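Q:
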Ligand SMILES: Cc1cc2nc3c(=O)[nH]c(=O)nc-3n(C[C@H](O)[C@H](O)[C@H](O)COP(=O)(O)OP(=O)(O)OC[C@H]3O[C@@H](n4cnc5c(N)ncnc54)[C@H](O)[C@@H]3O)c2cc1C
């Protein structure tokens, strides 16, 4: 039976809107439909990326709740699949595919963003545990996280890329202090995270001692390709994973209605980068005759099509056992550009009213009345983010220059000199 027929049959037998989110995600995850590209022996179905999108669409079209989203599914799971021991896969992966535990990414620090390998959070060995001290920042969804992908310095006597170790960190322990940071959207998606005498277990080192830079680069590669292609998030579930967000014991069917409304009205923030959404908005506002707006919409359509063809080309090459280096970086750069373009065209359509945004009570309630107009305002406020998170546009271009085109690296001694002897930013 082909996978989509198998899925239809499975959905017909298992989906009920009256299940709780926890019950439904347990069924979906253990059957392999939450992470269908993962290997069959590790809670997946061994399907391709293209089939993954088809699976997500089929679940949405059936009217069932989609799989858990978030960085557990997007980043932690694939990283553990790549570098984790079998014991770690058994410990962490089921809770990710079933949405029982939510993750956050404890990478960036106040003086280590683009220069991530310059991080200063320390982990010091203490018996079969590690004591972690330091500060992370811009940590998305840390306030809902059960676990963190932590990178910390375990050896300052070797060059900076070599003395880093990657841990799975329990976020529910004394010494983890999560403080929200409010964005210009009005939301507080990300946080500062202070770590004071926090414990990490030896058995939760992912990928080996001192190998954290390679493991972190795997996470970042999944982040770039996921964000650039939009594939893993094509149909995000409205329910949030993990023990903190409080959605697991709610009725699954209620989240499907919320998702359906968003899809029907095209009112999610990312819908503003789709040409079709902007055409509909331009018609509604009587602006479709404006040549500047028309040109912007066509450019957005062309960017979207180029992205689609590049993705098909990469899939074709992968099918023959080859790859196109740098595609994740290029896809992320394209996505950043599309967000900027969507912002400019959306604001041109809405005019001055589109700049109104109501922050009252701390909730992001933009002033335009129509849900799509509100989404366009939200998109404009969110649009600087994609060119920063997961590595800025400049860093993507540096990677393309150095690792793909073979251009000389930036001059510096940070690959030969011990971290503790390097000059610090602060
Ligand atoms: C919405 C959002 C969510 C985020 N979520 C997370 C998260 O969950 N976890 C996490 O760890 N981090 C997260 N981040 C942080 C993000 O990864 C960093 O902001 C990013 O890596 C840039 O680091 P920085 O802010 O320290 O800027 P800096 O590194 O200080 O860069 C400042 C400017 O200098 C430029 N620059 C720096 N170095 C170079 C160079 N070598 N060559 C050319 N130009 C350079 C940069 O491109 C940028 O324009 C998030 C950020 C955003 C916006």
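Residue numbers (the working numbering): 819 to 1244.
Where is the CB? At the ideal position from N, CA and C, for every residue including glycine.
Please read these numbers as outputs of a predicted model, since none were measured by experiment.
1. Out of 1153, 1166, 908, which has the shortest C-alpha to C-alpha gap to residue 1205?
2. Can you find a heavy atom of ligand 1 that lies under 7 Å from the Cβ of residue 1007?
3. Just to confirm, are residue 1209 and residue 1042 a CB contact at a threshold of 8 Å?
4. Going by beta carbon distance, what residues of the same chain come within less than 6 Å of residue 1156, once the five residues before and after it are set aside?
5. Are the beta-carbon atoms belonging to residue 1100 and residue 1024 less than 8 Å from one another?
6. Helix, strand or coil for residue 1019? Go by DSSP, reduced to three states.
7. So, helix, strand or coil for residue 1052, using DSSP?
8. Can you give me the start and stop residues for the beta strand (DSSP E) that residue 952 sits inside?
9. In the DSSP output, what is residue 942 paired with across the bridge?
10. Helix or strand or just coil, what does DSSP make of residue 1009?
11. If we call anything under 8 Å between Cβ atoms a contact, is residue 1028 one with residue 983?
12. Beta strand (DSSP E) containing residue 983: first to last residue?
13. Can we count residue 978 as close to ligand 1, meaning its CB is less than 7 Å from some heavy atom?
14. Taking its Cβ as the centre, do 16 or more other Cβ atoms sit within 10 Å of residue 1137, making it buried, or is it exposed?
15. What are the boundary residues of the alpha helix (DSSP H) that includes residue 1024?
16. Compute the minimum distance between the beta carbon of residue 1209 and the heavy atoms of ligand 1, and state whether it is under 7 Å.
17. Say yes only if the C-beta of residue 1228 is nearer than 7 Å to one or more non-hydrogen atoms of ligand 1, and no if none qualify.
A: Looking at the atomic coordinates:
1. By 1-based counting over the chain shown, the position of residue 1205 is 387. Considering only alpha carbons, the answer is 1153.
2. Here the question's residue 1007 lines up with position 189 in the chain shown. Relative to ligand 1, residue 1007 has its C-beta within less than 7 Å of a heavy atom.
3. Numbered from 1 along the chain shown, position 391 holds the residue referred to as residue 1209. Numbered from 1 along the chain shown, position 224 holds the residue referred to as residue 1042. In contact: residue 1209 and residue 1042 (Cβ atoms closer than 8 Å).
4. Reading the chain shown from its first residue, position 338 is the one you call residue 1156. Once the five neighbours on either side are set aside, the close Cβ partners of residue 1156 are 1091, 1121.
5. One-based indexing of the chain shown puts residue 1100 at position 282. One-based indexing of the chain shown puts residue 1024 at position 206. Contact: no.
6. Along the chain shown, read from residue 1 onward, the residue named residue 1019 stands at position 201. Here residue 1019 sits in strand by DSSP.
7. The residue labelled residue 1052 in the question sits at position 234 within the chain shown. With a pLDDT of 49 at residue 1052, under the threshold of 50, the modelled position of this residue cannot be trusted; read the value that follows with caution. When DSSP states are grouped into helix, strand and coil, residue 1052 belongs to the coil group.
8. Counting from one through the chain shown, the residue named residue 952 turns up at place 134. Residue 952 -> beta strand (DSSP E) spans 947-958.
9. Here residue 942 refers to the residue found at position 124 of the chain shown. In DSSP, residue 942 forms a bridge with 949.
10. Within the chain shown, numbered from 1, the residue matching residue 1009 stands at position 191. Of the three classes helix, strand and coil, the one that applies to residue 1009 here is strand, per DSSP.
11. The sequence position of residue 1028 within the chain shown is 210, counting from 1. The sequence position of residue 983 within the chain shown is 165, counting from 1. It is a contact, given that the beta carbons lie within the stated cut-off.
12. Indexing the chain shown from 1 puts residue 983 at position 165. Start and end: 982-988.
13. As a first step, residue 978 must be located in the chain shown, where it is residue number 160. Between ligand 1 and residue 978, a heavy atom-to-CB distance of less than 7 Å is absent.
14. Indexing the chain shown from 1 puts residue 1137 at position 319. Here residue 1137 is exposed: its Cβ has fewer than 16 other Cβ atoms, across all protein chains shown, within 10 Å.
15. Counting from 1 along the chain shown, the entry for residue 1024 is found at position 206. Taken as a continuous stretch (DSSP letters only), residue 1024 belongs to no alpha helix (DSSP H), as it is neither H nor E.
16. Within the chain shown, the letter at position 391 stands for residue 1209. For ligand 1, at least one heavy atom lies less than 7 Å from the Cβ of residue 1209.
17. As a position in the chain shown, residue 1228 is number 410, starting the count at 1. In this structure, ligand 1 has a non-hydrogen atom nearer than 7 Å to the beta-carbon of residue 1228.
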